[in-house]
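Have a look at the structure below, then the notes.
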Amino acid sequence: MKLHVAPRWLPLMLIVLLLTVAAGCAAPVSPPTAAIAPAAGAAAQAAAVPLKAGPLPGELSVDAAKSQRDAGAFILDVREPEEWDQFHLPGSTLIPLKQLPQRLSEIPKDKDVVVVCRSGNRSQAGRDILTAAGYKSVASMAGGLLQWRQKGYPTVTGR
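Throughout the sequence shown, residue numbering follows this note's numbering, covering 2 to 160 in sequence.
Structure, rendered in structure tokens:
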């Protein structure tokens, strides 16, 4: 059987195909937490302050993570102590990734939790550990603390 699609429908068919594949592979995503006008653009979306409307999405931009931190979210740093000593977010809690499964009792279940690391990879693993342990509102910060510092957001050094 040969499928013939008129050229003008091809872009639409590709979009439908991509959305179908993505829907089958992606984890459920929370509804948007802040309304943004379509014409507002990416800069406005990045600066938007999330409103507490349910669980956090699986991943937050650095700007959204800062907004969550400023709103009182628990910031969990899953790097190693020597990395922490170099610089970390004020008020964050250090639990290295390899210790996380044994130290879950140190993380509140009644607060939003934003997991951070150097570049954003270990924080995804930390988020997955917390989610598997029953935490409902957990997100990984994309870009990590390197991007946080690059944006000029506050950090501290030492213990």
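Using N, Cα and C, we set each Cβ at its ideal position, and we do this for glycine too.
Paired residues, beta bridge with aspartate 78 - DSSP: According to DSSP, aspartate 78 bridges with Leu95 and Val117.
Please state whether the Cβ-Cβ distance between lysine 99 and alanine 74 is less than 9 Å. no
Could you check if arginine 160 is buried or exposed, using at least 16 other CB atoms within 10 Å of its CB as the buried criterion? exposed
Locate the beta strand (DSSP E) running through serine 141, then write down its first and last residues. 139 to 142
Proximity of alanine 133 and valine 63 at Cβ, strictly below 9 Å: no
Inspect the beta-carbon positions of valine 157 and leucine 90 and report whether they are closer than 9 Å. Going by C-beta atoms, valine 157 is nearer than 9 Å to leucine 90.
According to DSSP, is leucine 146 part of a helix, a strand, or is it coil? Reduced to three states, the DSSP call for leucine 146 is helix.
Buried or exposed for glutamine 69, please, with buried defined as at least 16 other CB atoms from any protein chain shown within 10 angstroms of its CB. buried
Quick one: Cα of arginine 150 to Cα of leucine 57, how far? 23 Å
Buried/exposed call for serine 141, threshold 16 Cβ in 10 Å: buried
From which residue to which residue does the alpha helix (DSSP H) around lysine 67 run? 63 to 71
Test item: CB-CB of valine 114 and leucine 131 under 9 Å: yes
Kindly identify the DSSP beta-bridge partner or partners of glutamate 60. Ser141
For threonine 158, which three-state DSSP category applies? coil
Could you tell me how far apart the beta carbons of glycine 127 and leucine 77 are, in whole angstroms, since I believe they sit closer than 8 Å? Right, their Cβ atoms sit about 7 Å apart.
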